[in-house]
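Enquirer: Attaching a single structure in structure tokens format; questions to follow.
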Amino acid sequence: MNIWPLRFRDLGCGSLLFADDAGGFFKGTEDFLHRYAFDALTDEDQAFLHEGGHTFQRELDLSYLGFAYRWCARQAPRRQLGYVILVPTLRCNLTCSYCQVSRAPEGARGFDWTEDTLDAVLAFIGGLAAPEIKIEFQGGEPLLRLDLLERVRDFCRQRFGKAEFVVCTNLQAVSAEAWDYLAAPDTFISTSLDGDAVTHQRQRTRSTELTNAFFGNLDRAIEQFGSSKVSALPTIDIERPPAVDEIISSFVDRGLRSIYLRPINHQGFARRGRDPDVGLDRWNAWHAAFIEHLIERNFRTGTILEEYYFSQCLKRVLRAGADEHVDLRNPNFFASDYLVIDHDGVLYPTDEARMQSRIGRIDLSVGHVHHGIDTEKVATLNAASCNNFDPDCIHCPYQPFCGSDLVDDISRYGRIDLPKQATWFCRRHTSLFDKVFELLYRRDEATRFSLSRWADLESWPEHLVREHQ
Amino acid sequence: MIPLRFAARSSQPEPFVMRLNAEVRAYELDRTGLRTEFDGDLVEVAGQRLTYASPRGTLVIDGTTAEEVDGDVVLALPGGRAAQRLIRATSPHNTFLITERCDQLCLMCSQPPKHHHADLLPFFEAAALLAPAGTTIGISGGEPLLYKAALLPMMQRVLTHRPDLGFHVLSNAQHIDEDDLDPLAGMRDRVLWGIPLYAADAATHDRIVGKSGAFLQLMETLPIFARAGASIELRTVIMRENAALLARLASFVIMHLPFINRWALMQLESIGFGRQNWDRLFFDHSTEFTPIADALNIAKARNVEAVLFNFPRCTVPQPYRDRAPSTISDWKRRYLGECSGCQERDICGGFFEWYPEDRGFQRLARI
């Protein structure tokens, strides 16, 4: 019998997590590790490993193919460009404390698409092979250029069988025309809601008047369009996080059931004067406590709230194909299924790459809308966008579930070759996956209630996760 | 029940295939130049007695209407006294019974095997070529792959000539070997293989299918389907014999068979051996759904699509109802008294014609 290599990690209390390259995993003991390492596996060990898909007898037998299929399914990168993030203007009518986008003042000139750029953007989008398109309008504040949004939307509706639009807006100043625009069934709103009103005002709006205007518009949007058309994301400053209950009630009171907690990104204004890893341990602890809070609350109320990113991590542990979140993919190929077009027509693989380039740290642009994608540069970036062969990741049982984010490494450390355990990305995700596995092997009803719903199951099945002595 | 056979009088003693065309269809065939030698046009109607004429012979059919059978492909049976409907033009449930022979003897077989075999493949081939556009044709038995030497090339020819058709083959997959890799690969997107697996352990599976070594043989042939990229619908009839072992089977499926297209958990059909052994085999999921829920959730957690076949919707707890599509073929489906006024009747497959009401589900109620 052949055993696919197992990596392992201490889970505490004498237990270890074992995982193979295809993401098959189980909880085992020190004794088992010893037998595994010294080639002294018992018949029971071998039967257990065989049942769990960790072995094969000969190449191309059923177990071999099952493993190969599961391995491949986890690698499958998306190849068709069908999601385009557009920045029609860099101007904004807010000055948030952590602004990530190197914004421009509302009255500035030269930060909007020219007529020429618009034409080139439409020609670029029109040339895509995808049958469906998703457009995300970023900024700046995109509603400052509603005219450009109208023209892009009109064009895409005609050009594609199905088109969807997300307007990432601060909902600060919404004109009557903008409300009409947002009312369309194919158009969605994504906004920021930094927990409670006090924090939102401190980090974003700065004055009571603007705060009230924002909440008025948010509530109107949800009332008018329904909570399924509006998503709101809190950006958390771990130095001064809002109270957990305040965050939750801000969302629940508005019918929003999914909360995506984002630590302040190490970009833009947020970079200045901070150690790149400051607050990481605090963030991890705070986030884990938030998850526990949700578990307790969900069970008590019989309703479900989720932290979006944690649910993503859970799904990635359980199955292949949970690749929706662009920060959590492997390989994380650039400019393959989504792309950013900046206010000046320059193409970037991600929003974060755009910011790094804008502050002059490194040029991560991958072409121009007039000339198309610079495939050579994309290939250079892609060579480092895969965790499978990283000298640190190959020892980590979380590798099959985890992603890779070289732009974040560049942003924090100016290089991509640090030992992974020394990076913010690795330490944050190690902590997240530790929490996922802690919960997967916890046997209480409350945990299982939340886990099942977060994983889109009707109830938590016995025998889903395996244990071996 | 929808009739699959009519009393008939044929001008020929030998069997032959005919597509039945009422006036509009006949006119359309002339207009488009698509008429074949198998096309028979309606020439006389006398009550429920229809006369069709084709170059191969004349066929008088009793007991139906020209609208009901328009576009159907029938086989005038040897002796010329009956016509078998090979393709019903308006139905999605058309199946060719390739043989009644089988090398397994399943406890719940709905169509117990017989030794006698009549080779109808050439007629099936002609019928398939005459099928309405976009049809998926069932291939069943007995065990159809006992005749794979003729069957696989026949399927390849049909798929080549009719790029719009597909096949759904029910086979125990015992008779595939390395030499079949190429034909399987060539048909992979057009043929769905319905392959039964009843347990993750050889003893239980072999006992259910009545053949020792069947499980191990499956473990040898399933990789061949996988390597060919064949589309697989894994089928598990749930019985008292294997219900308690379902979660274990689910764990086996997600790890060793993740490449299947879907996993069908099926309720028992009370006909053939299924009727004889009903009291011993029937597992009433309406009162004990946990093993099925566990299997469904294990599969879903790992991205394997699992569905419930032949499960009346009211017997399934509400959160799982969407996994119970209407699957009982139209010609053997019926609804009970409880079904009248049910809001979900239109999307429910109802019950088998031969469902024993006095020994069936304990929990039935209109939704």
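Protein chains in written order, with this note's numbering: chain A, 1 to 469; chain B, 1001 to 1367. In this text, a Cβ means the ideal position worked out from N, Cα and C, and glycines have one as well.
Can you tell me whether A:Gly-268 is buried or exposed, with buried defined as 16 or more other CB within 10 angstroms of its CB?
Expert: Working through the first sequence from its first residue, we reach residue 268 of chain A at position 268. Per-residue confidence for A:Gly-268 stands at a pLDDT of 47, beneath the threshold of 50, marking its modelled position as unreliable; the derived number appears in the next sentence. Buried.
Enquirer: How is the alpha helix (DSSP H) around A:Tyr-83 delimited, first residue to last?
Expert: Counting from one through the first sequence, the residue named residue 83 of chain A turns up at place 83. Unbroken run through A:Tyr-83 is the beta strand (DSSP E), 83–86; no alpha helix (DSSP H).
Enquirer: Rounding to the nearest angstrom, what Cα-Cα distance links B:Arg-1064 and B:Leu-1050 in this structure?
Expert: Here residue 1064 of chain B corresponds to residue number 64 of the second sequence, with the count starting at 1. Here residue 1050 of chain B corresponds to residue number 50 of the second sequence, with the count starting at 1. Here residue 1064 of chain B turns out to be Thr, not Arg, going by the sequence shown. Each residue's alpha carbon lies about 8 angstroms from the other.
Enquirer: Quick one: complete alpha helix (DSSP H) runs, 4+ long, within the segment 1226–1281 of chain B?
Expert: Taking only runs of at least 4 residues, the alpha helix (DSSP H) segments lying wholly in the segment 1226–1281 of chain B are 1246–1256, 1273–1276 and 1278–1281.
Enquirer: Taking just the CA atoms, how far does B:Leu-1097 sit from B:Ala-1118?
Expert: As a working note, residue 1118 of chain B is residue 118 in the second sequence. As a working note, residue 1097 of chain B is residue 97 in the second sequence. Near 10 angstroms, if we compare the C-alpha coordinates of B:Leu-1097 and B:Ala-1118.
Enquirer: Which of helix, strand or coil does DSSP assign to A:Ala-379?
Expert: Working through the first sequence from its first residue, we reach residue 379 of chain A at position 379. In this structure, A:Ala-379 counts as helix in the three-state DSSP scheme.
Enquirer: Establish whether the CB of B:Ala-1301 and some CB of chain A are separated by less than 7 angstroms.
Expert: Sequence index remark: in the second sequence, residue 1301 of chain B carries index 301 (1-based). Chain A contact via Cβ: present.
Enquirer: Please state the DSSP three-state secondary structure of A:Ile-291.
Expert: As a first step, residue 291 of chain A is located in the first sequence; it is residue number 291 there, counting from the start. Helix, per DSSP.
Enquirer: Starting from A:Gly-321, find everything on chain B with Cβ-Cβ shorter than 8 angstroms and list it in chain order.
Expert: The residue you call residue 321 of chain A lines up with position 321 of the first sequence. Here the neighbours are Asn-1303.
Enquirer: Whole angstroms is fine: what's the gap from A:His-50's alpha carbon to B:Leu-1170's?
Expert: As a working note, residue 50 of chain A is residue 50 in the first sequence. As a working note, residue 1170 of chain B is residue 170 in the second sequence. About 29 angstroms.
Enquirer: Determine, for A:Tyr-69, whether the minimum Cβ-Cβ distance to residues of chain B falls below 7 angstroms.
Expert: Start at 1 with the first residue of the first sequence, and residue 69 of chain A comes out as number 69. Chain B, which has a Cβ nearer than 7 angstroms to the Cβ of A:Tyr-69, makes this yes.
Enquirer: Could you name the residues of the same chain whose beta carbon sits closer than 7 angstroms to that of B:His-1115, not counting the 5 residues immediately before and after it, in chain order?
Expert: The count along the second sequence starts at 1 and reaches residue 1115 of chain B at position 115. Only Arg-1101 meet the Cβ criterion.
Enquirer: Taking Cβ positions, are A:Leu-17 and A:Phe-437 nearer each other than 7 angstroms?
Expert: Numbered from 1 along the first sequence, position 17 holds the residue referred to as residue 17 of chain A. Numbered from 1 along the first sequence, position 437 holds the residue referred to as residue 437 of chain A. Against a cut-off of 7 angstroms, the Cβ pair of A:Phe-437 and A:Leu-17 comes out as a contact.
Enquirer: Quick one: complete alpha helix (DSSP H) runs, 4+ long, within the segment 201–289 of chain A?
Expert: Qualifying alpha helix (DSSP H) stretches, in chain order: 208–225 and 244–252.
Enquirer: I'd like to know if the segment 1183–1198 of chain B and the segment 1224–1233 of chain B are in contact, where contact means that at least 3 CB-CB pairs between them fall below 8 angstroms.
Expert: The segment 1183–1198 of chain B is in contact with the segment 1224–1233 of chain B.
Enquirer: What are the partner residues of A:Thr-29, as DSSP defines its beta bridges?
Expert: Within the first sequence, numbered from 1, the residue matching residue 29 of chain A stands at position 29. In the DSSP output, where bridge partners are listed per residue, A:Thr-29 has A:Ser-15.
Enquirer: Taking only beta carbons into account, state which residues of the segment 1219–1232 of chain B come closer than 7 angstroms to chain A, listed in chain order.
Expert: Answer in chain order: Met-1219, Leu-1222, Pro-1223, Ala-1226 and Arg-1227.
Enquirer: I need the straight-line Cα distance from B:Leu-1151 to B:Leu-1121, nearest angstrom please.
Expert: As a working mapping, residue 1151 of chain B is identified with position 151 in the second sequence. As a working mapping, residue 1121 of chain B is identified with position 121 in the second sequence. Rounded to whole angstroms, B:Leu-1151 to B:Leu-1121 spans 7 angstroms at the Cα level.
Enquirer: Leaving out the 5 sequence neighbours to the left and right, which residues in its chain are closer than 8 angstroms to A:Asp-119 when beta-carbon positions are compared?
Expert: For this step, residue 119 of chain A is matched to residue 119 along the first sequence. Within the same chain, A:Asp-119 has no close Cβ partners at all.
Enquirer: Whole angstroms are fine: how far does the CA of A:Gly-414 sit from the CA of A:Phe-389?
Expert: In the first sequence, counting from the first residue as 1, residue 389 of chain A sits at position 389. In the first sequence, counting from the first residue as 1, residue 414 of chain A sits at position 414. Going from the Cα of A:Phe-389 to the Cα of A:Gly-414 covers about 21 angstroms.
Enquirer: Since A:Leu-470 contacts A:Ser-336 with CB under 8 angstroms, what's their CB separation in whole angstroms?
Expert: The requested residue 470 of chain A is not part of the displayed model; chain A covers only 1 to 469.
Enquirer: I want to verify the contact list: residues of chain A whose CB lies under 7 angstroms from the CB of B:Asp-1201, in sequence order.
Expert: To locate residue 1201 of chain B, count along the second sequence from 1; it is residue 201. Ordered by position in chain A, no residue passes the 7 angstroms Cβ test against B:Asp-1201, which lies about 10 angstroms from the chain.
Enquirer: If we cut at 7 angstroms on Cβ distances, does B:Ile-1367 have a partner in chain A?
Expert: Working through the second sequence from its first residue, we reach residue 1367 of chain B at position 367. Answer no: the Cβ-Cβ gap between B:Ile-1367 and chain A never drops below 7 angstroms.
Enquirer: What is the DSSP secondary structure of B:Phe-1124, counted as helix, strand or coil?
Expert: Here residue 1124 of chain B refers to the residue found at position 124 when the second sequence is read from its first residue. Helix, per DSSP.
Enquirer: Does DSSP put A:Phe-433 in a helix, in a strand, or in coil?
Expert: Within the first sequence, numbered from 1, the residue matching residue 433 of chain A stands at position 433. A:Phe-433: helix per DSSP, three-state reduction.
Enquirer: What distance in whole Å lies between the Cβ atoms of B:Asp-1294 and A:Glu-467, which are believed to be in contact at a cut-off of 8 angstroms?
Expert: Taking the first residue of the first sequence as position 1, residue 467 of chain A is located at position 467. Taking the first residue of the second sequence as position 1, residue 1294 of chain B is located at position 294. Not a contact, Cβ separation roughly 17 angstroms.
Enquirer: Whole-angstrom Cβ separation of B:Thr-1204 and B:Gln-1174, contact assumed at under 8 angstroms?
Expert: Position 204 of the second sequence, counted from the first residue, corresponds to residue 1204 of chain B. Position 174 of the second sequence, counted from the first residue, corresponds to residue 1174 of chain B. Not quite, the Cβ-Cβ distance comes to about 17 angstroms (not below 8 angstroms), so this is no contact.
Enquirer: Alpha helix (DSSP H) containing A:Cys-313: first to last residue?
Expert: Here residue 313 of chain A refers to the residue found at position 313 when the first sequence is read from its first residue. Element bounds for A:Cys-313: 308–318.
Enquirer: By how many angstroms is the C-alpha of B:Thr-1160 removed from the C-alpha of A:Arg-442?
Expert: Locating residue 442 of chain A in the first sequence gives position 442, counting from the first residue. Locating residue 1160 of chain B in the second sequence gives position 160, counting from the first residue. When rounded, the distance between both Cα atoms is 55 angstroms.
Enquirer: Quick check: is the beta carbon of B:Pro-1092 nearer than 7 angstroms to any beta carbon in chain A?
Expert: Stepping through the second sequence from its first residue, residue 1092 of chain B is reached at position 92. Chain A contact via Cβ: absent.
Enquirer: If you measure beta-carbon to beta-carbon, which residues of the segment 35–63 of chain A are closer than 8 angstroms to chain B?
Expert: Answer set for the segment 35–63 of chain A: Glu-51, Gly-52, Gly-53, Leu-60, Asp-61, Leu-62 and Ser-63.
Enquirer: For chain A, is any of its Cβ atoms less than 7 angstroms away from the one on B:His-1256?
Expert: Working through the second sequence from its first residue, we reach residue 1256 of chain B at position 256. It does; some Cβ of chain A falls within 7 angstroms.
Enquirer: When the Cα atoms are used, what is the spatial distance from B:Glu-1023 to B:Ala-1089?
Expert: Position 23 of the second sequence, counting from 1, holds the residue named residue 1023 of chain B. Position 89 of the second sequence, counting from 1, holds the residue named residue 1089 of chain B. Between B:Glu-1023 and B:Ala-1089, the C-alpha separation is close to 16 angstroms.
Enquirer: From the DSSP secondary-structure annotation, give me the bridge partner or partners of A:Arg-415.
Expert: Against the first sequence, residue 415 of chain A aligns to sequence position 415. A:Arg-415 is not bridged to any residue.
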